[in-house]
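So the structure is just underneath, and the comments pick up after that.
Right, dumping it as structure tokens:
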């Protein structure tokens with residue numbers, strides 16, 4: 002029965018832009034700011050560790066390829 006109802010013609014109206022102001026409930030509290038800084042520091046350390054690990058693995062693979070060539 003829904004197929005028999007008339008439809009709107011033409012383009013749909015443009016979407017309104019969302020407001021840029023964050024509501025007071027979305028602003029982080031001071032305690033959560035410290036927690037976010039701790040998490041940021043942890044993630045930076047983890048990222049540095051993983052980069053060094055990847056470089057080590059690549060160096061080992063390169064050494065193995067060079068030994069295999071000879």
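Numbering (the numbering used here), first residue to last: 2 to 71. Just so it is clear, CB atoms sit at the ideal spot from N, CA and C, and this is done for glycine as well.
Inset, instruction - Pull up the distance between the alpha-carbon of residue 47 and that of residue 12, whole angstroms please. - result: Spanning the alpha carbons of residue 47 and residue 12 requires a straight line of approximately 49 Å.
Inset, instruction - Just the C-alpha distance for residue 7 and residue 19, rounded to the nearest angstrom, thanks. - result: 31 Å
Inset, instruction - Give the straight-line distance between the Cα atoms of residue 65 and residue 42, rounded to the nearest whole angstrom. - result: 35 Å
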